[in-house]
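Residue numbers (our numbering), protein chains in the order written: chain A, 235 to 529; chain B, 235 to 529.
No residue lacks a Cβ here, since even glycine has one placed at the ideal position from N, Cα and C.
Treat the numbers as computed from the prediction; the structure is a model and nothing was measured.
What follows is a short report on a single structure.
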DNA sequence: GGATCTTACGTCATCCGTAAGAATA
DNA sequence: TATTCTTACGGATGACGTAAGATCC
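See below:
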């Protein structure tokens, strides 16, 4: 018959306290309960752990030998439970996020800093990949969460909407089109739009929503939203980007104008469907949805 | 709230088996019991350990992280209980015996070999010290058991009798005194006895039991019984030694004669009174008493 | 229908506390 | 007498099993 963890716990307390009475005090149980547990343990082992001598206890050599092993048990259980608690409080764990450059540069640092204020010990890994590659990487387990535009629908992946974003225009104030408070789609078609990237969602979106806008007519072409915005602030044209990709700090001589009718962009979060989400991931999604749906 | 060892045990079984049903089978408990334990564990932790997905379980990242720590708990408990069992079977442990040369050379090898047949894995340390020093060494914890003649009565030490031995005479057959079957005390007083040692129990015993025998009259003097016996077999005199100190193998031209009236020698075992005996020590004492009282 | 997990309910073991007893200093 | 361990008894928690229900393939 084997000893239980409770036997071990009580045995250790007796060894440390040196008496049943004191051990009981430290364990917050009655002294007869300690007697019983010890007797039970000794009966299971088949030999005494303590010599009863004049109302006092003297550990046998066997008890001394078992004590070290018992402490190992105690420590391993403590480590397990400490880890369990730390993970509950998100003091231990890793939040792996993969996002395209634009979101990794503007949206996520803000979201992450907010999230990390609540869980200051949580490790966070933010991995930048091209939007089109993220689904594959997530499917291969390289990160737990992917934040994407136009989420793909691979069967391996689950997708949750983070609400609809929209395209806004970043433009210098001196530009003639900057005089109004909004920009119409028609105005944009012949405006000096900075063309973003080749075969990403942006080009598809433009083809659908602004079919009159042709790549050939755009003087400046880049493949990063951040660069497009930077070019716009230098007066090199109008950047048409997701509103979450607008730089946090803009020069005062720049404006951000909404487009009418609005051009919607789906923002979504993807993860492996058959892989349970970690606690940090769940909470981060929750936090993301809350802030993004509320504004 | 912390997880119990039982929670850990069941959690590990689920992780290994991959399903509650199979885990229950391996644990020899019902499947609902496994469900309950898992639910309880998850409730205590505050987060799920498995994702229920189409009737199957998928471990969460938290479960995977806890699994390693859980295995540590399992292993440490296994080690503890294995050690406990091994000590019960005397497969682990050390029997430390201290004895004077004569007993260490003749009596104890026989006793130990007999004892070790029952407990072939038990480690045994046989330490030789002069009889007069053994009590001190035992009191200082240098060995657990001391086998001595004329046991001392230090308050720190407990003493148990191993029965009475007696002095016998080792003598060559051609010696005139060897013609009878016994030797009387009177015969010995003027015989060529080999004087053993200076201030040990032997000299005290002789002074009491054979007061006529004087050291000055003895031609040959040694301080080891074994040497005395060897000298006797070479015809250098009569060795008067404890019967347990007679060599196991004797030349055929030698005889061992009892002394009449018998000269008793107390043989005893000593150990620290306030230090509980180890299981091997207890059993060795028991075995010693049994064989020594039975012959 | 066969597999799995979950819920419900009753039983039993065991762990614990209170109270009294025994031994020791 | 004060302290400690042991024994005895009774209660409550909890772990388990059986049976039935829900869900998925």
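Smallest Cα separation from residue 367/B: which of 322/B, 488/B, 273/B, 384/B?
384/B
Name, going along the chain, the residues of the region 313 to 342 of chain A whose beta-carbon falls closer than 7 Å to a beta-carbon of chain B.
313, 314, 315, 317, 318, 321, 322
Report the residue from 382/B, 399/B, 348/B whose alpha carbon sits nearest the alpha carbon of residue 392/B.
382/B
For a contact meaning CB atoms closer than 7 Å, what does residue 505/B contact in chain A?
Within 7 Å Cβ-Cβ: nothing; residue 505/B doesn't reach chain A, min ~11 Å.
Unbroken beta strand (DSSP E) run spanning residue 241/B, endpoints
Run containing residue 241/B: none in the beta strand (DSSP E); it sits in the alpha helix (DSSP H), 239 to 251.
Residues that DSSP places opposite residue 285/B in a beta bridge
292/B
Beta-carbon gap between residue 422/B and residue 493/B smaller than 8 Å
yes
Quick one: grab the DSSP three-state call for residue 526/A.
helix
Separation of residue 308/A from residue 343/A, as counted between CA atoms
41 Å
8 Å Cβ cutoff, residue 257/A in contact with chain B:
no
With a CB to CB cut of under 6 Å and the five nearest residues on each side skipped, what residues in its chain are close to residue 458/A?
335
Hey, quick one: how far does the beta strand (DSSP E) through residue 385/A stretch, first residue to last?
It is not in any beta strand (DSSP E) - residue 385/A carries neither H nor E in the DSSP assignment.
Tell me, to the nearest whole angstrom, how far the beta carbon of residue 488/B is from that of residue 406/B; I am working on the premise that it is less than 8 Å.
6 Å
Check distances from the C-beta atoms of the region 360 to 372 of chain A to those of chain B and list, in chain order, the residues that come in under 7 Å.
none
Amino acids of chain A, ordered along the chain, whose beta-carbon sits closer than 9 Å to that of residue 292/B:
508, 509, 510
Looking at the unbroken alpha helix (DSSP H) that takes in residue 361/B, where does it start and where does it end?
Taken as a continuous stretch (DSSP letters only), residue 361/B belongs to no alpha helix (DSSP H), being part of the beta strand (DSSP E) at 357 to 362.
Anything in chain A within Cβ reach of residue 374/B, meaning under 9 Å, just list it in chain order.
Under the 9 Å cutoff, chain A gives no residues; its nearest Cβ is about 16 Å from residue 374/B.
Could one say the Cβ of residue 307/B lies closer than 8 Å to chain A's Cβ atoms, at least one of them?
yes
Taking Cβ positions, are residue 515/B and residue 396/B nearer each other than 8 Å?
no
Check whether the Cβ of residue 468/A lies closer than 7 Å to any heavy atom of the ligand ZN, and answer yes or no.
What this structure holds is no ligand at all, so the ligand ZN is not there to describe.
Check whether the region 280 to 299 of chain A and the region 242 to 259 of chain A are in contact - that is, three or more C-beta pairs closer than 8 Å.
yes
What distance in whole Å lies between the Cβ atoms of residue 480/A and residue 402/A, which are believed to be in contact at a cut-off of 8 Å?
7 Å
Opposing strand residues paired with residue 380/B [DSSP bridges]
332/B, 504/B
Using a Cβ-Cβ cut-off of 8 Å, state whether residue 253/A counts as contacting chain B.
no
For the alpha helix (DSSP H) containing residue 464/B, name the first residue and the last one.
459 to 467
Exposed or buried, residue 506/B, counting other C-beta atoms within 10 Å across all chains shown (16 or more means buried)?
buried
Bounding residues of the alpha helix (DSSP H) (the contiguous stretch that carries residue 442/A)
435 to 443
Supposed contact pair residue 439/B and residue 425/B - C-beta distance, whole angstroms, cut 8 Å:
So it is not a contact: roughly 17 Å between Cβ atoms.
May I have the straight-line CA-CA distance separating residue 498/B from residue 482/B, to the nearest angstrom?
21 Å
Looking at the strands, I want to know which residues DSSP matches up with residue 319/B.
BP columns for residue 319/B are empty, so no partner.
With DSSP as the reference, please indicate the residues paired to residue 489/A in a beta bridge.
405/A
Residue 258/B by DSSP, collapsed to three states: which one?
helix
Give me the Cα-Cα distance between residue 255/B and residue 321/A, rounded to the nearest whole angstrom.
27 Å
For residue 418/B, list the residues DSSP reports as bridge partners.
494/B
Cβ neighbour criterion (16 or more within 10 Å) applied to residue 235/A
exposed
Leaving out five residues before and five after residue 351/A in sequence, what residues of the same chain have Cβ atoms less than 8 Å from its Cβ?
none
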